[in-house]
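Beneath this line is the structure, given in structure tokens, with notes to follow.
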Amino acid sequence: MFIQIHADNQVPSDNERDSRLEEQIRQRLARFEGRITDVEVHVSDVNGPRGGNADLRCTLEARVNGIPPVAVIEEGNDVDRAVIGAAKKAVRALDHQLGKLSDRR
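Per numbering that gives the first Met the number 0, residue 0 is the first one in the sequence shown, and the count goes up by one each step.
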């Protein structure tokens, strides 16, 4: 599973944080390891310099063999919360989509 993390120019880049988040995503999506080809994560600052609560948005897209890509969005106060929240939502969405597939068989 290949994981890419992108951030807009309002979100400071941090290699250590990105590595830690990649590991968190990998752990949460581990049971789908054989099905997911890659995961793309985009983090953006919704409010820019104005700040505010839950102003960071994470869009996570998981590309899975056999079904269309699964995309989720989560907002949070910091990058970690937004990304981990999106990973949790992705697990639920993948369970739902893959459950539909097994129901058809």
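Heads up, the beta-carbon is just placed ideally off N, CA and C, and yes, glycines get one too. Computed from a prediction, not measured in an experiment: that's the story for all the values here.
Closest by CA to residue i, which one among the options?
{"i": "V42", "options": "L28, M0 and I83", "result": "I83"}
{"i": "D13", "options": "V78, Q96, R91 and R62", "result": "V78"}
{"i": "L118", "options": "R62, I66, K87 and A81", "result": "Absent from the structure is residue 118, since the part of the chain shown begins at 0 and ends at 104."}
{"i": "R27", "options": "N76, L59 and N64", "result": "L59"}
{"i": "L55", "options": "N64, G75, V63 and E39", "result": "G75"}
{"i": "I2", "options": "F31, Q9, V40 and A29", "result": "V40"}
Which residues share a DSSP beta bridge with residue i?
{"i": "Q23", "result": "Bridge partners of Q23: none, in fact."}
{"i": "Q3", "result": "E39"}
For residue i, decide whether its Cβ has a neighbour in chain C, counting only Cβ atoms nearer than 7 Å.
{"i": "A81", "result": "The chain inventory of the structure shown lacks chain C, comprising one protein chain alone."}
Thinking C-beta only, is residue j closer than 7 Å to residue i?
{"i": "V110", "j": "R91", "result": "What the structure shows of the chain is the stretch from 0 to 104, and residue 110 is not part of that stretch, so it cannot be assessed."}
{"i": "D37", "j": "Q9", "result": "no"}
{"i": "C57", "j": "A81", "result": "yes"}
Determine, using beta-carbon pairs with one atom in the stretch 65-75 and one in the stretch 9-23, whether at least three such pairs fall under 8 Å. no
Alpha helix (DSSP H) runs contained entirely in the stretch 29-102, provided each spans 4 or more residues: none
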